[in-house]
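Residue numbers (the working numbering): 1116 to 1244.
Here's the structure, in structure tokens; my notes come after.
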């Protein structure tokens, strides 16, 4: 009997100095920076999609759209969740949500595509020659 694949992946973090908008260059305030949310959304989706990939394949990000609707201060814990809403062929589509102790801070959508790792890397490497 095949084990059911997960449909969501949640990552929990605590806002550190390195995650602040003023530190990552996305603003002047000492709040969680939007680029940090984007990175963690992609990470959660990549980890989840990886459970669906065959040997020799991985996924790459194709699109990311998010709204960052509420600030999260230094030292506060927050979570990001990627939920797989569609998997068709090579394409994975995710709904995204981030929350902190006060509620939802962000929502978004993300698409990833499965690729053959060696072929994709070779194509990228050839650009540098």
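Backbone N, C-alpha and C define an ideal beta-carbon position, used for all residues, glycine too.
Note down, in chain order, each residue of its chain lying with its Cβ closer than 6 Å to the Cβ of residue 1230, except the 5 sequence neighbours on either side. 1175
Can you list, in chain order, the residues of its chain whose CB lies under 6 Å from that of residue 1173, leaving out five sequence neighbours each side? 1232
Under 8 Å: do the stretch 1185-1196 and the stretch 1206-1226 share three or more Cβ pairs, one atom per stretch? yes
Please confirm whether any heavy atom of the ligand COA lies closer than 8 Å to the CB of residue 1198. Because no ligand of any kind appears in the structure shown, any question about the ligand COA cannot be addressed here.
Using only the alpha-carbon positions, how far apart do residue 1168 and residue 1234 sit? 15 Å
Tell me, to the nearest whole angstrom, how far the beta carbon of residue 1137 is from that of residue 1144; I am working on the premise that it is less than 8 Å. 6 Å
Name the DSSP bridge partner or partners of residue 1227? 1176 and 1207
How would you write the range of the beta strand (DSSP E) that residue 1123 sits in, first residue to last? 1123-1129
Near residue 1178, what residues of its chain come up, given a Cβ to Cβ distance below 8 Å and the 5 sequence neighbours on each side ignored? 1224, 1225 and 1226
Can you name the start and end residues of the alpha helix (DSSP H) that residue 1241 belongs to? 1232-1242
Do residue 1185 and residue 1219 count as a contact pair if the criterion is CB distance below 9 Å? yes
Can you tell me whether residue 1221 is buried or exposed? The criterion is at least 16 other CB atoms within 10 Å of its CB, across all chains shown. buried
Spatial distance of residue 1133 from residue 1207 (CA atoms): 30 Å
Within the same chain, show all residues whose beta-carbon is closer than 6 Å to that of residue 1164, passing over the 5 residues directly before and after it, in chain order. 1174, 1207 and 1227
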